[in-house]
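2 protein chains.
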Amino acid sequence: MSTRTAAQQRQEARQAYDAFLAACPARELLDAISDKWVSLVLNALSDGPKRYSDLGRIIAGVSQKMLTQTLRSLERDGLVSRSVTPSVPVRVDYALTDLGRDLQLLMLAIKSWAEGNIEQVRVARETYDARSGG
Amino acid sequence: MSTRTAAQQRQEARQAYDAFLAACPARELLDAISDKWVSLVLNALSDGPKRYSDLGRIIAGVSQKMLTQTLRSLERDGLVSRSVTPSVPVRVDYALTDLGRDLQLLMLAIKSWAEGNIEQVRVARETYDARSGG
DNA sequence: CTGAATCCCTCAAGATACTG
DNA sequence: CAGTATCTTGAGGGATTCAG
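Next comes the structure, spelled out in structure tokens:
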């Protein structure tokens, strides 16, 4: 593997990534973004930067721990940027990066799908439960 | 809090379901589909019906328990259909429903995004870790 | 205000073994 | 082949406290 350039190796790697493979990095990334807090945070940032406390208010039911944890993870993955304004008290804004916005658009589609199809799912569940129960 | 204006009521009616609300059914649905096994199972079924053992082979690393659990959940939500052929041994096929295919298309976009952007994410992580570490 | 750190606990993932 | 049953482990996540 010493005779291939880094670019060639990257190209091969890109084609080789398959989330169906357990050991594939893409699988690990898919696991990471297949998280309810991730989709909610990304969508909460869709219409511009938000402060930490804003996010906590928008995303009902999220604990400080999970919010911080999710934001750190997204920041580490380059999906969200974190900017600190050294005022008193300190002000921290989170915003989507270009990469993050790409994913956010997909996440928005998922969120919209959930909101738009919950009725059908409810009917399906009632049918299933009735069949199982009776 | 009990006296809502007509405008407020109209607003509520329009946004009947909002996944940002913790108690909203759509939030529960979003939580349910924001699951790595869900996205992998739906995508595994994208090119036609598959048998239980096929799915287990395609989705590397999934345990029988999680595969069964995920399939049951998807079947209950009306996203996947389950058909039993009473042969010996018994044969069970899983397929996407119309509703399931809708969601699968969105999930495919997510999976493709993960496979196509893992490199950028890796770079971001290295940068982040180097900054933190040093 | 924005978190980091701690304790604590549930519950769900995974491995294993067994069954129709 | 297609599951179910059982057990163990640990990671997810809530509540609380402390710090910059």
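If you read the protein sequences in the order shown, they are chains A and B.
Residue numbering for the first sequence follows UniProt numbering, beginning at 1 and increasing consecutively.
Residue numbering for the second sequence follows UniProt numbering, beginning at 1 and increasing consecutively.
Just so it is clear, CB atoms sit at the ideal spot from N, CA and C, and this is done for glycine as well.
**Message:** DSSP has residue 93 of chain B in a bridge; who is on the other side?
**Reply:** B/51 and B/83
**Message:** Taking only three categories from DSSP, how would you classify residue 31 of chain B?
**Reply:** helix
**Prompt:** Buried or exposed: where does residue 77 of chain A fall if 16 or more other Cβ atoms within 10 Å of its Cβ makes it buried?
**Reply:** buried
**Residue-chain proximity (residue 50 of chain A, chain B), Cβ-Cβ < 9 Å** = no
**Prompt:** Is residue 59 of chain B helix, strand or coil by DSSP?
**Reply:** coil
**Asked** If you measure from the beta carbon of residue 22 of chain A to each beta carbon in chain B, is any gap under 9 Å?
**Response** yes
**Request:** Thinking residue 99 of chain A and residue 79 of chain A are a contact (beta carbons under 8 Å), I'd like their distance in whole angstroms, please.
**Result:** 6 Å
**Asked** Which whole-angstrom value is the C-beta distance of residue 20 of chain A and residue 40 of chain B, which I expect to be below 8 Å?
**Response** 7 Å
**Request:** Leaving aside the five residues before and after residue 33 of chain B along the sequence, list all residues of the same chain whose C-beta is less than 7 Å from its C-beta, in chain order.
**Result:** 103
**Message:** Contact between the stretch 106 to 124 of chain A and the stretch 42 to 56 of chain A is defined here as three or more beta-carbon pairs at a separation below 8 Å; is this criterion met?
**Reply:** yes
**residue 71 of chain B at chain A interface by Cβ criterion, 9 Å** = no
**Message:** Using a Cβ-Cβ cutoff of 9 Å, what residues of the stretch 25 to 56 of chain B are near chain A? List them in chain order.
**Reply:** 25, 26, 27, 28, 29, 30, 31, 32, 33, 34, 35, 36, 37, 38, 39, 40, 43 and 44
**Request:** Assuming residue 29 of chain B contacts residue 114 of chain A (C-beta within less than 8 Å), just tell me the rounded distance between them.
**Result:** 5 Å
**Request:** Express the C-alpha separation of residue 31 of chain A and residue 85 of chain A in angstroms, rounding to a whole number.
**Result:** 33 Å
**Under 7 Å from the C-beta of residue 99 of chain B: neighbouring residues of chain A** = 117 and 120
**Request:** Grab me the residues of residue 38 of chain A's own chain with a C-beta within less than 8 Å of its C-beta, minus the 5 sequence neighbours each way, in chain order.
**Result:** 32, 70, 73, 74 and 107
**Request:** Whole angstroms is fine: what's the gap from residue 68 of chain A's alpha carbon to residue 81 of chain B's?
**Result:** 39 Å
**Request:** Mark residue 65 of chain A as exposed unless 16 or more other C-beta atoms lie within 10 angstroms of its C-beta, in which case mark it buried.
**Result:** exposed
**Message:** Let me see if you follow: with CB-CB separation under 9 Å, is residue 68 of chain B close to chain A or not?
**Reply:** no
**Request:** Could you check which residue in A/121, A/36 and A/56 has the C-alpha nearest to that of residue 94 of chain A?
**Result:** A/56
**Message:** If the criterion is Cβ atoms closer than 9 Å, does the pair residue 60 of chain A and residue 118 of chain B meet it?
**Reply:** no
**Message:** Which of the three DSSP states is assigned to residue 88 of chain B in this structure?
**Reply:** coil
**Message:** Please report the distance separating the alpha-carbon of residue 52 of chain A from that of residue 128 of chain B.
**Reply:** 20 Å
**Prompt:** Given that a residue counts as buried once 16 or more other Cβ atoms are within 10 Å of its Cβ, and exposed if not, what is residue 140 of chain B?
**Reply:** Residue coverage of chain B in this structure runs from 1 to 134, which leaves residue 140 of chain B outside it and unanswerable.
**Asked** To which residues of the same chain is residue 90 of chain B closer than 8 Å at the C-beta, ignoring the five residues directly before and after it?
**Response** 84
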